[in-house]
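See below for the structure under consideration.
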Amino acid sequence: MIQVIDLHSTLGKQKVLDGVTLKVETGEVLALIGKSGVGKSVLLKHVVALMKGEKGKVLIDGEDITTAKGRKLEELRSRIGFLFQGGALFDSLTLFDNIAFPLREKTKMDEQKIREKVLYELEQVGLKGMEHKFPAELSGGMRKRAALARCMVTAPEIMLFDEPTTGLDPITAHSINDLIKRTHERVCFTGIVVSHEIPDIFFLVDKVAMLHEGKIVAFGTPLEIMRSSHPVVRQFITGGRREMEDVFEPIIEKLEEEFRAKGKCTQEKKDEKV
Amino acid sequence: MLDSAILGIRWIGKTVLFPVRILGRVGLFLATAIFWTFVPPLKVERLIRQINFIGAKSVTIVALTGAFTGMVLTLESYYALERFGADALLGPAVALSMIRELGPVISAFMITARAGSALTAEIGIMRITEQIDALEMMGLNPFRYLIVPNLLAGIISFPLLASLFNVVGIYGGYVVGVKLLGVSSGTFFGEMPQYIDLTEILHGLYKSTTFGLVVTWICCYFGYTTGYGAEGVSKATTRAVVASCVLILVCDYVITSLLF
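In the order they appear, the protein sequences are chains A and B.
Reading the first sequence from the start, the letters are residues 56 to 329 in my numbering.
Reading the second sequence from the start, the letters are residues 5 to 264 in my numbering.
Right under this line is the structure:
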């Protein structure tokens, strides 16, 4: 479980997070939405202590990561996978070595087992046969999928996705979302996804939180957010276009259907995990 | 009146505090790197890679500049010494200048231009593309993986390259002095042992070792703390090269005044 409690953070002279509080239950995936530059990625980086706020706590299964240091911080971070916006693959390493890197550095696994695991993860993300390529030789979508494979190879309990589909064409974006959904069904991680893909992202997550002017102004299930009358939320999800309201009803119906099906699956997985 | 006095005091405070803050950060960066140097395991594979990058790949440019430096130094020294009838001292003059001063300093400039700038750009790009954050997320210390191997590679490579610079420079001087200007080979080399002993060579090596540490430290610091985007990396690279070159000369003066 991830709990963010009264988090405050300032970048330069700008207050980015102004008392953010939110909770992601074990096995749940939360979509963090909000305008560009509102501080979503900053919040995500606070969750893994890559950035430090002036005030507030971030609890990972009850342990405060904001005050953790040394081995404790390493141990907490090793339970979290972070998919960076650009993938953050190491340029100087092949795809295989990139994915094998955390296993070689943090485990005592033998090379044969590492090979098996890396090839399995590459197959899961549809990059089988690409293991000898360097990141520069891959497309944006491939890099994101490779980065996802690198995150998943250590089987983290928590996954954070920083705009996993930004800059990709709609088909590739859909395939990435689908991949995240399948991965969640497979390993049932607890996750936060920063995304602007509305309404696509609502089909992927259990909860949605909207960040606006440093605060969470809306929190609920995707259906609740779609039905929200909060003016900022409405403006954001419709993109400020009135005609979008008309297309919402079929989306809401589809979401209801989706959640009836998804609820059971997630609950079973959650029970296994807990 | 009071307001402008307060503003003035504030300005003085800011002006004084800014460099102090920067020096503090740069100093802490080095202290952290030194700490991680002594925490095992050392990343040997990466160290060898960086020695290859900083050292082996700089051999050609260092040899080339060494040869021409030796040649021009011989030419200039010959015309000066000939006036006093001291052309027999040509060999020792060239060798002393190369070993004590020009070898460590010019080779350090060349390595800074070739490898130091690339080091800053590489680490800077790793920073802006979140590769350093990715390392941290894997529970791996970026100092151990990125900074320490570069620092050690600098300390190992700089003295070796300075020595190469000296050897090639003296040989370049020999070619000009003996083959072109007609100084006898025996005169050129014969006087050298009288003027150059192990201490001179060691002093040159102390200098280049210090330059190796300073250049890699500064270049890594600017890369590690780079600003956002391509502009941030380009500014960091420029600053790293300029600061390294200035510090090479400052350290050169300090070491020279302490050792000689």
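Even for Gly, the Cβ is constructed at its ideal location relative to N, Cα and C.
Neighbour-count burial assignment, residue i, 16 or more Cβ in a 10 Å radius
i	result
B/V48	exposed
B/N56	exposed
A/K95	buried
A/E279	exposed
B/M5	exposed
A/D261	buried
B/P45	exposed
A/F244	buried
A/T209	buried
A/K199	buried
A/S283	buried
A/R241	exposed
B/S261	exposed
B/I26	exposed
B/A112	buried
A/V71	buried
B/S81	buried
A/K319	Bear in mind that a pLDDT of 47 at A/K319, under 50, signals an unreliable position, so the number given afterwards is only what the model happens to contain. Classification for A/K319: exposed.
Rounded Cβ spacing between residue i and residue j (contact assumed at less than 8 Å)
i	j	result
B/L85	B/A97	7 Å
B/C224	B/I127	6 Å
B/S161	B/I58	5 Å
A/E109	A/T65	6 Å
A/V249	A/L99	6 Å
A/A264	A/L87	5 Å
A/V102	A/I57	6 Å
A/E186	A/L177	6 Å
B/G236	B/I132	7 Å
B/M75	B/V180	5 Å
B/T78	B/G177	4 Å
A/T149	A/K188	7 Å
The alpha helix (DSSP H) enclosing residue i, as first and last residue numbers
i	result
B/K47	Here B/K47 belongs to no alpha helix (DSSP H), and DSSP marks it neither H nor E.
B/T242	G233 to L263
B/G74	V63 to R87
A/H239	P225 to V242
A/K127	G125 to S133
A/F274	A/F274 -> not in any alpha helix (DSSP H); beta strand (DSSP E) instead, spanning K270 to G275.
A/H267	Unbroken run through A/H267 is the beta strand (DSSP E), K262 to H267; no alpha helix (DSSP H).
B/S212	L202 to Y228
A/H101	K95 to V102
B/S111	G107 to I115
A/A201	G195 to M207
A/L87	That residue, A/L87, is in no alpha helix (DSSP H); its beta strand (DSSP E) goes V84 to I88.
B/G143	Per DSSP, B/G143 belongs to no alpha helix (DSSP H) and is neither H nor E.
B/L94	L94 to S101
A/I292	P286 to T293
A/K161	L150 to K161
Chain-ordered neighbours of residue i on chain A, where CB pairs are closer than 7 Å
i	result
B/L144	E160
Where residue i meets chain B, residues with beta-carbon distance less than 7 Å
i	result
A/G141	T133 and E134
A/F145	Q135
A/P157	M142
A/V103	M141
A/E24	Lying outside 56 to 329, the shown extent of chain A, residue 24 of chain A is not represented and no answer is given.
Residue i, enclosing beta strand (DSSP E) - first and last residue
i	result
B/V179	Looking at the DSSP string, B/V179 is not in any beta strand (DSSP E), and its letter there is neither H nor E.
B/A125	B/A125 -> not in any beta strand (DSSP E); alpha helix (DSSP H) instead, spanning S121 to I132.
A/L177	Here A/L177 belongs to no beta strand (DSSP E); instead the alpha helix (DSSP H) covers E166 to Q179.
A/D73	Q69 to V79
A/D217	I213 to D217
B/T265	In this structure chain B extends from 5 to 264, so residue 265 of chain B is not present and cannot be described.
A/D61	I57 to L66
B/G190	Premise fails: B/G190 lies in the alpha helix (DSSP H), S189 to G194, not in any beta strand (DSSP E).
A/I247	T245 to V249
A/K112	K110 to I115
Proximal residues of chain B, C-beta to C-beta of residue i below 8 Å
i	result
A/F137	D137, A138 and M141
A/R132	E140, M141, M142 and G143
State whether the stretch 225 to 232 of chain B contacts the stretch 187 to 202 of chain B, with contact taken as three or more CB pairs (one from each stretch) at a distance under 8 Å.
In short, these stretches do not touch, since the Cβ pair count stays below three.
Can you find at least 3 beta carbon pairs, one from the stretch 194 to 210 of chain A and one from the stretch 222 to 232 of chain A, that sit closer than 8 Å?
Yes, they touch.
At least three beta-carbon pairs within less than 8 Å, the stretch 69 to 87 of chain B to the stretch 155 to 172 of chain B:
Contact between the stretch 69 to 87 of chain B and the stretch 155 to 172 of chain B is present: three or more C-beta pairs spanning the two stretches fall below 8 Å.
If you pair each beta-carbon of the stretch 217 to 226 of chain A with each one of the stretch 247 to 263 of chain A, do three or more pairs fall below 8 Å?
Remark: three or more beta-carbon pairs, one from each stretch, lie closer than 8 Å, so the stretch 217 to 226 of chain A and the stretch 247 to 263 of chain A are flagged as touching.
Between the stretch 181 to 196 of chain B and the stretch 205 to 214 of chain B, can you find at least three pairs of beta-carbon atoms closer than 8 Å?
They do not touch, by the three-pair rule.
Do three or more CB pairs link the stretch 136 to 145 of chain B to the stretch 19 to 33 of chain B at distances below 8 Å?
Verdict: no, contact absent.
The stretch 236 to 245 of chain B in contact with the stretch 109 to 124 of chain B per 3-pair CB rule at 8 Å:
With three or more CB-CB distances shorter than 8 Å, the stretch 236 to 245 of chain B counts as touching the stretch 109 to 124 of chain B.
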